[in-house]
Amino acid sequence: MGSEIIKPTIDLVYHLRVAPNARVVYVRWVLLYEEKPIAYDIQYIPYFPGITVWNDNFEYTSFSEILSQKNKLFQMQGRMNVTAMNCDREVAEILKIPDETPVMQITQKILDDNEPMGFRQLFIKCEWCCVRGTSYQE
0 MGSEIIKPTI DLVYHLRVAP NARVVYVRWV LLYEEKPIAY DIQYIPYFPG ITVWNDNFEY
60 TSFSEILSQK NKLFQMQGRM NVTAMNCDRE VAEILKIPDE TPVMQITQKI LDDNEPMGFR
120 QLFIKCEWCC VRGTSYQE
């Protein structure tokens, strides 16, 4: 869908720990299957000179690939939250579903030495989402 440089909202100031007058790279993708939208991916990255948010052939670039351009020397850590929720009007329009339809929301923060490097929201139609896990007990 595109990218642009924006001023952060109060939520982004909190999640990214940036100043209210800072700049944030805002990247949006719609993921398709057989020409139909199945997921909407929104990525927010504090603006740093030298970060390339577009690649030459405009293919989907993962969140960690974009962030690794800035930080090649350190190990990045991710924190993720998975929630089922009713989508708002913007997400519903993009996914071509009725307002308030349940979707899976994956919220992800990428950190380096506990400092936020990026924040992501991924909305997936429920029929395209499955959560699996393994539990180990001692």
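Each residue of the sequence shown is one higher than the one before, starting from 0 at the first, in numbering that gives the first Met the number 0. For each residue, glycine too, the CB sits at the ideal point set by N, CA and C. Keep in mind that this is a model prediction, so the values were computed, not measured.
Asked, Found
"Start and end residues, alpha helix (DSSP H) containing residue 91", "88–94"
"C-alpha distance - residue 97 paired with residue 39, whole-angstrom precision", "15 angstroms"
"C-alpha gap between residue 79 and residue 9, whole angstroms", "20 angstroms"
"Rounded separation between residue 2 and residue 41 - CA only", "10 angstroms"
"Residue environment, residue 125, which counts as buried when at least 16 other CB atoms sit within 10 Å", "exposed"
"Through-space distance from residue 44 to residue 25, alpha-carbon basis", "7 angstroms"
"Residue from 113, 128, 28 whose Cα sits closest to the Cα of residue 102", "128"
"Residue 133 versus residue 81: straight-line alpha-carbon distance, rounded", "16 angstroms"
"Rounded distance between the beta-carbons of residue 77 and residue 177, thought under 8 angstroms", "In the structure as shown, the chain starts at 0 and stops at 137, and residue 177 therefore has no counterpart that could be examined."
"For residue 13, the first and last residue of its enclosing alpha helix (DSSP H)", "9–15"
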